[in-house]
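With our numbering applied, the sequence shown closes on residue 558, and no number is skipped along the way. Some notes on the structure that comes next.
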Amino acid sequence: MIKKVVILWLALLMLDTLGASAQPEEEWNKTFGGSGSDVGNSVIEAEDGGYIIAGWTDSFGMGQNDVWLTKTDSKGFEEWNRTYGGTGDDIGRSVMNVGDGYFIVGSTRSHGSEDFDLWLIKTDSEGNKVWDKTFGGPGDDLGNAIIGTKDGDYIIGGSKHQSDEDVDDWLIKIDSNGQEKWNRTLGDTGYETIIALQETDGEYVTAGQTNSYGSGNIDIWIVKTDSNGDELWNRTLGSPGSDICNSIKQTRDGGFILVGRTDYYGTGKPDLWLMKVDSNGNKLWDKVFGGPEWDEGTSIIETNDGYMIAGSTSSYIWLVKTDSSGDKTWDKRLAMSPSLSIPIASSIRQVKDGGYVILGAVNYLGEDKRITWDTILIRLK
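Below you can see the structure in the form of structure tokens.
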């Protein structure tokens, strides 16, 4: 009887180990674009199991670059695409579902002042523009991220131009009609920008870059605010070199996981930098992954047994799986840029059926020696 119990226990342990280390297989990938450059920056799962991609295009639309929204079915086949913009540069950075349509956040030079203004676009469920709002003044004011809040409103994160040498983190709270409730700037006399946002218990955590604080050229900067956007604490994390944060997620233990790149630690050019901090922003551990070429982490999610990171290595989109302590379990190379230059991995998401989608962009070298970009959506299961 004891022998049977031991055998059963070993069998279950093997199954658990196999499940934890199993690599998802690529089910399909699809590229989107025209004769110019077309880059997706943000992807979400649509209500019908398809995907919504936001970014920018210079193949379609009216201007130099236009905001670009694409809807696919569950197999990645395009159902429609929409462009928004004027004769200037217009960039889409983040998209979210708001029930009766979508919010797109980015930046525009076609509307507002002559410089970039933060741009918020509301569309219906078919991508038709319902209204848009600009926020900003003199100088470049950029929108990078948007999240919903527990009270039914929304927080936009980006950067606010204060002077030629002073750019600050910028938080704007809006209602469902895009009306501003408040805005806050966070930073000192140098450069700060918000790249990613998280809500935690009605308060907000921002992650991005700073050169006002810290010891390096550019350091990772995390700020915690209260529900009104007023700073509670900030943390600078970095090296004597340049360190970039591209993504932050709150973890089940109340802390946060960050991923980006560092050019100081590691073995080569910039390496992927993974960092875990506690609920107060204090570093618990960090890991560096990479080789002699450019390696970067751009998006991260928490899984049942650790973390999944999307990034780039050499000429490939790169998927890295770690355990809960940040130790690498496996990694795999996905789409390669035909031009052999560094691709972009903008976002990774786990979808309703347990699989994953990775949004990125690969580049091509044309006969005219011009590099152009196409958006790529990769489905893993």
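In this text, a Cβ means the ideal position worked out from N, Cα and C, and glycines have one as well.
Please list, in chain order, all residues of the same chain as residue i whose beta carbon is under 6 Å from its beta carbon, the five residues on each side excluded.
i, result
"H338", "G316, D317, D318 and V344"
"A223", "I229"
"Y123", "Examination of residue 123 is not possible in this model, given that the chain is present from 178 through 558 alone."
"M513", "S492 and Y493"
"K464", "L451 and G503"
"R526", "V534"
"W410", "K401"
"S302", "G278"
"T174", "No answer is possible for residue 174: the residues shown for the chain start at 178 and end at 558."
"G379", "K327 and S404"
Assuming residue i is part of the beta strand (DSSP E), what are its boundary residues?
i, result
"W564", "As displayed, the chain neither begins before 178 nor continues past 558, which places residue 564 out of reach and without an answer."
"S424", "D420 to Q427"
"H338", "Y331 to S340"
"Y533", "Y533 to L542"
"T264", "Note, T264: premise wrong, no beta strand (DSSP E); not H, not E."
"Q375", "E369 to T377"
"S214", "Unbroken run through S214: none, as it is neither H nor E."
"V282", "G278 to T285"
"Y442", "Here Y442 belongs to no beta strand (DSSP E), and DSSP marks it neither H nor E."
"K358", "E357 to L363"
"D301", "D294 to D301"
"A199", "Premise fails: A199 is in no beta strand (DSSP E) and is neither H nor E."
"R556", "I548 to L557"
"G320", "L319 to G325"
"V307", "K306 to F312"
Under 8 Å, do residue i and residue j count as touching if we go by C-beta distance?
i, j, result
"G162", "K310", "For residue 162 there is no data in the structure shown, the boundaries of the chain being 178 and 558."
"Y541", "P515", "yes"
"S290", "G320", "no"
"G232", "T552", "yes"
"G304", "R259", "yes"
"G364", "S389", "yes"
"D328", "W296", "no"
"S416", "Y441", "yes"
"I395", "S419", "yes"
"N206", "L554", "yes"
"E376", "T428", "no"
Answer with buried or exposed for residue i, where buried requires no fewer than 16 other C-beta atoms within 10 angstroms of its C-beta.
i, result
"K248", "buried"
"S424", "buried"
"W347", "buried"
"K181", "Its pLDDT being 45, under 50, K181 is placed unreliably by the model, and the measurement read from it follows with that caveat. Under this definition K181 is an exposed residue."
"M129", "No statement about residue 129 is possible, as the shown extent of the chain runs from 178 to 558 and does not include it."
"N459", "exposed"
"F254", "exposed"
"W359", "exposed"
"T366", "exposed"
"D571", "This structure cannot settle anything about residue 571, because the visible part of the chain is limited to 178 through 558."
"K252", "exposed"
"W550", "buried"
"K350", "buried"
"D330", "exposed"
"S287", "buried"
"L517", "exposed"
"D403", "exposed"
"D294", "buried"
For residue i, which beta-bridge partners are listed by DSSP?
i, result
"R510", "W495"
"F237", "In the DSSP output, where bridge partners are listed per residue, F237 has none listed."
"E380", "T377"
"G522", "Residue identity check: residue 522 is Ala in the sequence provided, not Gly. Answer is G537, bridged to A522."
"K401", "V382 and W410"
"T387", "E369 and D396"
"F466", "L449"
"L517", "Answer by DSSP bridge pairing: none, since L517 is not bridged."
"S476", "A487"
"S219", "A231"
"N274", "Y279"
"L435", "I425 and M452"
"V244", "W233 and Y261"
"F209", "T552"
"E255", "T249"
"V344", "H338 and Y368"
"K350", "I332 and W359"
"K460", "V454"
"K505", "T499"
Would you say the beta carbon of residue i comes nearer than 7 Å to a heavy atom of the ligand HEM?
i, result
"G304", "The model on display carries no ligand, and the ligand HEM is accordingly not part of it."
Short of 8 Å in beta carbon distance, which residues of its chain neighbour residue i, apart from the five on each side in sequence? Order them along the chain.
i, result
"A322", "R270, S271, V282, I333, G334, G335, I371, I372, A373 and L374"
"D235", "G213, S214, D215, Q241, N242 and D243"
"S501", "D482, G483 and Y484"
Apart from the five residues on each side of it in sequence, which residues of its chain come closer than 7 Å, Cβ to Cβ, to residue i?
i, result
"A197", "Confidence is the limiting factor: at A197 the pLDDT is only 48, short of 50, which leaves the residue's position unreliable, though a coordinate-based value still follows. So the qualifying residues of the chain are D482."
"R547", "none"
"K558", "P201, E202, E204 and G532"
"E470", "G445, K446, T490 and S491"
"D448", "R438, T439, Y442, V465, F466, G467 and D472"
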